[in-house]
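Residue numbers (this note's numbering), protein chains in the order written: chain A, 1 to 535; chain B, 536 to 924.
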Amino acid sequence: MRRFLKWGFAVQIVLGAFLTVSAQTPRCPLRPDPGSVVLDAPSLSSHNGSLSVDLTMRNAMDPLNFMHYCFDYMSSTGLIEAPTLRVNPGDTLTINFTNDLTSTTTSRLANERHAPVHMHGMADAPGTDPCTSKVITPNTSNIHFHGLNVPPVCHQDDVVNTLVQPSKTPFQYQIQIPANEPPGLYWYHPHPHGFTGLQVSGGAAGAIIVNGIEKIKPQVTGLAERIFFIRQQIPVNGSDEVGSQLTLNFQPAIFPKDDAPIIRMKPGEKQFWRIANASNTVFLSMQILFAGVAQSVELISLDGVPINGDRFVNQLDVPPAGRAEFIISGPPAGTPATFIHKGFDTGPTGDPSPEQMLAKIVTNSNSAEQAPASSTIAPPRPVTPRFSGLAAIMPSTTRKLYFSESALGTAGPVNFFLSLDGQIPHLFTMDEPPAIKTKVGAVEDWTFENRTPEEHAFHMHQIHFLVTAINGVAVPNPTMQDTVIVPYWTGKGPYPSVTVRMDFRDPEIAGTFVYHCHILDHEDGGMMQKIEVDP
Amino acid sequence: MKFVTVFMLLIVGAQWNGIAQSAAQTFQPASPSYLITNDDPPRKTGASSGTVFTIAADGTPQNGTRVTLGGSGAGGGLFNANRVSILRDSPCAFLSINGAGEVGGVDILALQDVGNTAGSSTDSGLPDGIGVVNNGSYLYASFSTSQTIGTYSIMPGCALTFLGDISVAGKQAGNVKGMATHDNMLVVAYGDGSIESFDISAGIPVSHGDLQNATGYNTSRFPAGVDITQDGRYAIFGDLSTTTTIEVSDISSGKLTKTKLYDVATAGNAVSIYLSPDQTLLYIANTNVGKVTAAFFNATTGKVSRGCTSAKLRGFPDDWQFLTSPVTELNTGTGSVLYMAEYGPNAGIAIVNVSSGSGKCTLTEAAASPLQAPTTTLLSIGVYPPRQF
């Protein structure tokens, strides 16, 4: 809550060093102006079982004092930002990642915000091997492949040990997409503990599409596909008066301060929308309004996993890091239509999340921003579906965890904890041992209690989980997710809780990885723990 | 032009003389007779102010008179950056003006703002406020944003003269969260797990070179509130924590030593602490849970042990209601009655009766509590005359 003040000060300091650099050379592509037509990010698709991409992480300041962190890709037509990576199950995804961040700072302000207490034990001297470097600074970066069920090891999806320092030498990520990876929307973003929020809010986030969803959800076949990333940019001065801004595919969604982004559709046209909440703190409550009336959409997938059965909803609540994919029908010609965040009650100390129009939907018979979803080809592979039978398995272990916080002032909590029940809360440090140990093959039921007056978003790396109960009441239609909303406590009565079933059966995910609140201020502030999954 | 200047000087001189005479009228009853708040209204809502109450025979503050300070407040900030510092031997209160980066001197008897004094051009107290403490000769102001401690000479008539500032930071780069003085020693808690002491014999603080992480640091408990025993032997720290944790450092050597950690309750963090006049009880405003705890303190050994915790005070729970800045009605014994600042929509001055004996204590909210506060942004209060250490 109200952390942007300090956050902004940190950003100001971080900016200092590269202002001169950004004046010389554009380090990030220009982002669209308010009121323009929303375009999807360019896509890069795998061929013959592989996709290899060179990405460079850069930062730059825009004229409006928003600091950009960019996954730059040099295409044949010029520099583009955060391309969509399209792969098939079984493909190899290679990313040659160069860290070209320039925001070196030794500022106490930046350090206090970002490294107050949760990095003790880290080495002082810069490391050279990204797999063993123990150094985290504002310039450190890496990539987390959010949602992919892949190994937590260096050069794959590891954020515990992999820390890439600025260097001209690329660091190579190479991931084999599991043959039974559910087809859907995943995403990539940096994850250097203490600075994740800074970099993701700067825009460093892109889509990964695992192809083949039409084989499970044939109703999307042939539909025009849109990929929308809702990000949250934070002004440099960070004041409450300015506040943060939501963006839609990098375009500010700040109506009525400025024109709303424009999404073009043909009248009555069905489209397949794939939406990621890549914001730092915002719990989205999305609706499509025609003449002010919420429209029903057909939910296809959550967090990259197609849902079972048919489900129609007129509101989608998606936590930070969550994804939702659905089919929408375009408005009749001449009907005013909008895509909105209707506002979300984050709790008494949660970051305010007021209603915000994300885009105007404008009918146009020749809209050309979208591509057909079925243009991809998923090779048929006779594999056992991931997560099969999970709901019926008797869990081997049950655990209870809880979220808690402590505050030093009226600006809100400053320390964020995620703890095992019975454990004294402590701030996460990168060098601490795993809080939980389990074994490959385990299926466990975890219950998260929220003992704070604000919402949290639990996220598990490496695996998905089945959301089975909320406040002890079974969920009628359980869904596989990698991030789930944990409702806030009012201060009275039992703590709100969410129960999920963890699936550790895949031997590929053996290793040590993390789970945390995906409100990135909370994650950076210590609301994280490690789990070790032994072979 | 010269005439105008001389004329103005004469006017100022006359005003100064009047103020000085007022403040010089030493008025020191045995028990506190005045309660002073730093109203710290939010920016854009009017000038900053303090309010001076008289204390009735039954301990109830009454007849509040608002003293406008000018400048703007911060409307919130750190819980335990005490924004009110009162001289022991003169009816002067110093109130930080958090938005303006200044400190105002208030003549308590004259109910008058003597004048405001800025720090250096870089001293800034937004957004977390400015804590102030004094040792009778100097006033120290912790500027939370600029991470500086400003030093002011205390002049006759509640006036201040700025001497200079120093940059300070904790081991994990934290800024000053809490301060306390004892004679020539200033003890600071940074809220990042570390603590430090300074020599203030010459005014501007000089570090004793004892910056260190407190014992609680390794278990995510971070000293933030500070008090010092009457004999200057122990520095007591209240921790930012999800439990109620106190740490004590033996400072009889003139430097901080490794702290001993005491878990005294489960009622929430302990960033706002205050030692009773007889040093038998340590009052802990459990800031965000609406309770107050009294832990037993042994001034000979420095040991802290569990005491008692009040029921939740009226007006709680409201998740934006906070309880800070405990002070006592009396300057003897346990202090008899505790006053605390309440911040938030149900803001007020909490009044809690204290009883203690035979190894037990009770804390009971008075019927008149909470007294309506001048603003909803009350975080700091003080009494005159204050506790004598």
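Each residue gets a CB set at the ideal place from its N, CA and C atoms; glycine is no exception.
The beta-carbon of residue 663 of chain B is placed less than 7 Å from the nearest beta-carbon of chain A. A Cβ-Cβ separation of about 5 Å places residue 868 of chain B in contact with residue 813 of chain B under the 8 Å criterion. For residue 573 of chain B, no Cβ of chain A is located within less than 7 Å of the residue's own Cβ. Beta-carbon to beta-carbon, residue 842 of chain B and residue 828 of chain B are separated by about 7 Å, close enough to satisfy the 8 Å threshold. Restricting attention to B:680, B:652, B:642, B:777, the CA atom closest to the CA of residue 413 of chain A is found in B:777. Against chain A, the beta carbon of residue 807 of chain B has no neighbour under 9 Å; the closest one sits roughly 10 Å away. Looking from the CA of residue 893 of chain B, the closest CA among B:704, B:831, B:567 belongs to B:831.
Nearest CB-CB separation between residue 522 of chain A and chain B: not below the 7 Å threshold.
Beta-carbon to beta-carbon, residue 446 of chain A and residue 401 of chain A are separated by about 6 Å, close enough to satisfy the 8 Å threshold. The beta carbons of residue 497 of chain A and residue 465 of chain A sit about 14 Å from each other, so the pair does not count as a contact at 8 Å. Distance from the CA atom of residue 203 of chain A to the CA atom of residue 899 of chain B, rounded to whole angstroms, is 53 Å. Ranked by how close their Cα comes to the Cα of residue 734 of chain B, the residues B:817, B:919, B:717, B:750 have B:717 in first place.
Sequence-distant partners of residue 336 of chain A (beyond 5 residues in either direction) whose C-beta falls short of 7 Å from its own C-beta, in its chain, are 291. Between the beta-carbon of residue 638 of chain B and that of residue 652 of chain B there is about 5 Å, and that keeps the pair under the 8 Å contact cut. At a cut-off of 7 Å between beta carbons, residue 385 of chain A makes no contact with chain B. If you draw a straight line from the Cα of residue 135 of chain A to the Cα of residue 636 of chain B, it is about 36 Å long.
Contacts between residue 881 of chain B and chain A, judged by CB atoms closer than 8 Å, are missing: the closest CB pair is about 13 Å apart. For residue 580 of chain B, not one C-beta of chain A is nearer than 7 Å to its own C-beta. At a beta-carbon threshold of 9 Å, none of the residues of chain B lie near residue 354 of chain A; the nearest stands roughly 17 Å away.
At a cut-off of 7 Å, the C-beta of residue 409 of chain A has a neighbouring C-beta in chain B.
By a beta-carbon distance limit of 8 Å, residue 571 of chain B contacts residue 619 of chain B. Their separation comes to about 6 Å. Contact between the segment 184-198 of chain A and the segment 141-154 of chain A is established, with three or more Cβ pairs separated by less than 8 Å. Of all residues in the segment 590-614 of chain B, only 611, 612, 613, 614 come within less than 7 Å of chain A when Cβ atoms are compared, listed by chain position. Cβ contact annotation for residue 396 of chain A (same chain, cutoff 7 Å, sequence separation greater than five): 442, 443, 444, in chain order. Secondary-structure assignment with DSSP links residue 857 of chain B through a beta bridge to B:878. When the beta-carbon positions are compared, residue 261 of chain A and residue 87 of chain A stay at least 7 Å from each other. The Cβ of residue 759 of chain B sits closer than 7 Å to at least one Cβ of chain A.
Between the C-alpha atoms of residue 197 of chain A and residue 280 of chain A there is a straight-line separation of about 6 Å. In this structure, residue 434 of chain A sits away from residue 508 of chain A, with a CB-CB distance that is not shorter than 7 Å. The Cβ atoms of residue 906 of chain B and residue 877 of chain B do not sit closer than 7 Å to each other. Distances from the CA of residue 646 of chain B to each of B:601, B:684, B:678 were compared; the closest alpha carbon is that of B:601.
The C-beta of residue 331 of chain A has 16 or more other C-beta atoms within 10 Å across all chains shown, which makes the residue buried. Just so you know, the alpha carbons of residue 487 of chain A and residue 453 of chain A end up roughly 9 Å apart.
For residue 712 of chain B, the C-beta contacts it makes with chain A under 7 Å involve 408, in order along the chain. Residue-level contact by beta carbon holds for residue 777 of chain B and chain A, with a gap shorter than 7 Å. Against chain B, the CB of residue 401 of chain A has no partner CB under 7 Å away; the residue lies outside that interface.
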